[in-house]
Every structure is written in structure tokens, then in C-alpha cells.
Ligand code: ADP
Ligand code: MG
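Numbering (the working numbering), first residue to last: 11 to 305.
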């Protein structure tokens, strides 16, 4: 990338937030993301703006490979603690959490608000790190991964889905789904993308923009995006939390189909007992500890 690749976009705060979330999850700089889509954005629509980005290049991580051992469980969380803040402000979000998830298993995590569920998912996703304890996902001890390997890990080994969809508002459904592959500098395999769009029942709206979709459709796009790199593990944080019952059930049913089709391990946080009932196992967290269903 030349030093003249200075990208100036103006984007609104919501777009900026969703881009930051996506770039963090996928281990990609904002500059690279915007550079990648500059032409497309120019062509498709002018965006009101307000962000200036420097010309830092991509991570250069593409040549790294990270391996896995299929004999291992998909996820091992061993005595994990995560402390935020210090002194009087100290908060133990996780306090000796232990959990094992088998390959291909669908686990639901339940627990009161503030019990540490999202913190656990962030740590599994490699976007946060424990203060103490060990985390092994797909055979990799996350503490041994450097920055580049972690970026690759986020793009290839795990797929993250949130309550709110984090779709890039100025990209079509198909472009959103292809985003992680494009971030790798690769061309998406059309058959893979077509299969995912079909599986998640969004093939009809592949050319639509996110704002033209229902909440349920948007969430299915987010799931397709999380799956496009064929991750070993999907991490979903209250993916049905903003959907009505019917759409929530549809999303959960599709996650089960995804697991059947690809053998994907699914770790899903939910408040909803009926959503949790669709999982193979329910894990309960209280005050940062796994109190039920740890293996
Ligand atoms: P849950 O998802 O179960 O509602 P979280 O994992 O989000 O819970 O949070 C667990 C606890 O850790 C809460 O008390 C929360 O306020 C605290 N916490 C989470 N993230 C941070 C952070 N970045 N800084 C400070 N405290 C945090
Ligand atoms: Mg949470």
C-alpha cells in the first residue's frame, strides 16, 4: 500500500461504531477496511462523513497459518478470571470460570445480567484476554498467539454474532457476508456464499442493503457472515435478544441446521429458556463462575 493511500470518508457515528466492531472482531484496521471498499462506496452512494484515517497497512498476517488438533475439545476454559478496574473500582467479571465444549456441540449459556457471559464470549473470540487462567479453542492456547495470529484466529477460527447486527450499512447483503474473506485479500468462493445465503434463507435479498431488511433477516446476514470462513466455533451473544419469538426461533433453528451441515460448534448466550432448550446443553454462569453444566 503506498503512502498516498490516505482515505477520507465521512461516516455517521452508527456506521463508525459498527465498522469499529467489525474491524475489531475480524482483526483488521479501519484503514484497510475503508480502502478495500472505497471504490464500492464511491460507486454506490455518497456517505455523509466525519472520519479521517491514516495510511497504516493491513496486518500482513495472511501468510501465517494456525493449526488445530481435531482430537481436542472445541473449547477449554480453565479457571479463567477477568478483572476490570483497580482498587475500589475493581470488578471481577469472571472469577475462576471453567468450561469444556465438545466439537460440534451446541451450548447455551445463561445467567443474570452482569454475570460475565459477554466477557466470556469476548475472551473466547480473542477480542479480550483473561487476567488469569487458560483458554484453548480449536486446539490453540490463545495466550500463545501473537497479534497477527490472533487477527487470523478471529477471522478463521471463530465467528461472532451479536444482538445488534453490526452490518456495514453501506454494503449490500452479499458484500457484508463476503467481508471476512475480502479482508483476507481472497476472493469469496461463489458456491460457498450461495450455499450460505440459501441455508440462511436470505438468497432473495443478496443485493439489498441492510436497512431494507427485517431484524430477523439482518441477523441471518450476520450469521452468514460469521460462517463464511467456515469457523470451528460460532460465538453468539444474545442473537435473538432483539427479535420477536417467531424470528428468534427461526434463527435458532437455522443455527442447528448450520451445526448439522458444517459440524460447527455453537456457544450461544441467551436469556430465553425456550432458545436455550434448543441447545444440547445449558451452562449457567453466576458471579463470573460456571455453576452448572460445565462439561
Ligand atoms: P453479562 O454479559 O453477563 O451481562 P458482562 O460480561 O458484560 O456480563 O459483565 C460482567 C461484569 O463485568 C459486569 O459487572 C460489567 O459491568 C463488568 N464489565 C464488563 N466489561 C467491562 C469493562 N470493559 N470495564 C469494566 N467493567 C466491565
Ligand atoms: Mg452481555
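Quick reminder that beta carbons are idealized off the backbone N, C-alpha and C, glycines included.
Just so you know, these numbers come straight off a predicted model, no measurement behind them.
Under DSSP, the alpha helix (DSSP H) around residue 192 begins and ends at which residues? Within the chain shown, numbered from 1, the residue matching residue 192 stands at position 182. Run containing residue 192: 183-193, per the alpha helix (DSSP H) assignment.
Can you give me the Cβ contacts of residue 124 inside the same chain, cut-off strictly under 8 Å, excluding the 5 residues immediately before and after it? Here residue 124 is taken as the residue at index 114 of the chain shown, counted from 1. Nothing meets the Cβ criterion.
Burial state of residue 117, where buried means 16 or more other Cβ atoms lie within 10 Å: As a first step, residue 117 is located in the chain shown; it is residue number 107 there, counting from the start. Per the 10 Å Cβ criterion, buried.
Any chance you could list the residues with Cβ under 6 Å from a heavy atom of the ligand ADP, keeping chain order? 94, 95, 101, 103, 121, 123, 124, 125, 126, 127, 128, 129
Range covered by the alpha helix (DSSP H) that runs through residue 263: Start at 1 with the first residue of the chain shown, and residue 263 comes out as number 253. Element bounds for residue 263: 255-272.
Give the DSSP-derived three-state secondary structure of residue 176 in the structure shown. Along the chain shown, one-based indexing puts residue 176 at 166. If DSSP states are grouped into helix, strand and coil, residue 176 belongs with coil.
Please decide whether residue 269 counts as near chain B, where near means a Cβ-Cβ distance under 8 Å. The chain labelled as chain B is not found in the depicted structure, where only one protein chain is given.
Where residue 210 sits in the DSSP three-state scheme: Numbered from its first residue, the chain shown carries residue 210 at position 200. Three-state result, residue 210: coil.
Heavy atom of the ligand MG less than 7 Å from the Cβ of residue 4, yes or no? As displayed, the chain neither begins before 11 nor continues past 305, which places residue 4 out of reach and without an answer.
Among residues of its own chain, excluding the 5 on either side of residue 84, which ones have a beta-carbon nearer than 8 Å to its beta-carbon? Position 74 of the chain shown, counted from the first residue, corresponds to residue 84. Result list for residue 84: 111, 112, 113, 114, 115, 147, 148, 242, 243, 275, in chain order.
In terms of DSSP beta bridges, what is residue 133 paired with? In the chain shown, counting from the first residue as 1, residue 133 sits at position 123. Answer is none; residue 133 lacks a bridge partner.
Could you tell me how far apart the beta carbons of residue 245 and residue 134 are, in whole angstroms, since I believe they sit closer than 8 Å? Translated into positions along the chain shown, residue 245 becomes position 235. Translated into positions along the chain shown, residue 134 becomes position 124. That pair is a contact at about 5 Å.
DSSP-derived helix/strand/coil call for residue 289: In the chain shown, the residue the question calls residue 289 occupies position 279. Residue 289: coil per DSSP, three-state reduction.
Answer yes or no: do residue 236 and residue 191 have a C-beta to C-beta separation smaller than 8 Å? Numbered from 1 along the chain shown, position 226 holds the residue referred to as residue 236. Numbered from 1 along the chain shown, position 181 holds the residue referred to as residue 191. Contact flag unset, no.
Close Cβ partners of residue 345 (< 6 Å) along its chain, the five nearest in sequence each way excluded: This structure leaves residue 345 out entirely; the chain is present only between 11 and 305.
Give a yes or no on whether the C-beta atoms belonging to residue 179 and residue 25 are separated by under 8 Å. Residue numbering aside, residue 179 sits at position 169 when the chain shown is read from its first letter. Residue numbering aside, residue 25 sits at position 15 when the chain shown is read from its first letter. In this structure, residue 25 lies closer than 8 Å to residue 179 by Cβ.
If you count every other CB in all the chains shown that lies within 10 Å of the CB of residue 153, and 16 or more means buried, which is it? Here residue 153 is taken as the residue at index 143 of the chain shown, counted from 1. The residue is exposed, with fewer than 16 neighbouring Cβ atoms inside 10 Å.
Using the Cβ count rule (16 or more neighbours within 10 Å means buried), how would you classify residue 200? On the chain shown, residue 200 is found 190 positions in, with the first residue counted as 1. Exposed is the call here.
Name the two residues that bound the continuous beta strand (DSSP E) containing residue 139. For the purposes of this step, residue 139 is identified with residue 129 of the chain shown, where counting begins at 1. That residue, residue 139, is in no beta strand (DSSP E); it is neither H nor E in DSSP.
With a threshold of 16 other CB atoms inside 10 Å of the CB of residue 270, please say whether the residue is buried or exposed. Along the chain shown, read from residue 1 onward, the residue named residue 270 stands at position 260. By the neighbour-count rule (16 or more Cβ atoms within 10 Å), residue 270 is not buried but exposed.
Report yes if the C-beta of residue 22 is less than 7 Å from at least one heavy atom of the ligand MG; otherwise report no. For the purposes of this step, residue 22 is taken as the residue at position 12 of the chain shown. Incorrect: residue 22 has no Cβ contact closer than 7 Å to the ligand MG.
Does any heavy atom of the ligand MG sit closer than 7 Å to the C-beta of residue 247? Taking the chain shown and counting its residues from 1, one reaches residue 247 at position 237. True, at least one ligand heavy atom lies under 7 Å from that Cβ.
Reference residue 261, options 95, 292, 210, 214, closest by Cα: Counted from its first residue, the chain shown places residue 261 at position 251. Ranking the options by Cα distance to residue 261, first place goes to 210.
Suppose you measure from the CA of residue 300 to the CA of residue 280; what does that come to, to the nearest Å? Locating residue 300 in the chain shown gives position 290, where the first residue counts as 1. Locating residue 280 in the chain shown gives position 270, where the first residue counts as 1. Straight-line Cα distance between these residues: approximately 15 Å.
Separation of residue 86 from residue 27, as counted between CA atoms: In the chain shown, the residue the question calls residue 27 occupies position 17. In the chain shown, the residue the question calls residue 86 occupies position 76. Residue 27 and residue 86: Cα-Cα distance of roughly 31 Å.
Excluding five sequence neighbours on each side, which residues of the same chain lie with their C-beta closer than 7 Å to the C-beta of residue 221? Walking along the chain shown from the start, residue 221 turns up at place 211. Contacts found: 179.
C-beta contact flag for residue 216 and residue 239 at 8 Å: Mapped onto the chain shown, residue 216 falls at position 206. Mapped onto the chain shown, residue 239 falls at position 229. Against a cut-off of 8 Å, the Cβ pair of residue 239 and residue 216 comes out as no contact.
Distance, Cα to Cα, residue 75 vs residue 189? For the purposes of this step, residue 75 is identified with residue 65 of the chain shown, where counting begins at 1. For the purposes of this step, residue 189 is identified with residue 179 of the chain shown, where counting begins at 1. Because residue 75 carries a pLDDT of 38, less than 50, the predicted location of this residue cannot be relied on, and no value is offered for it.
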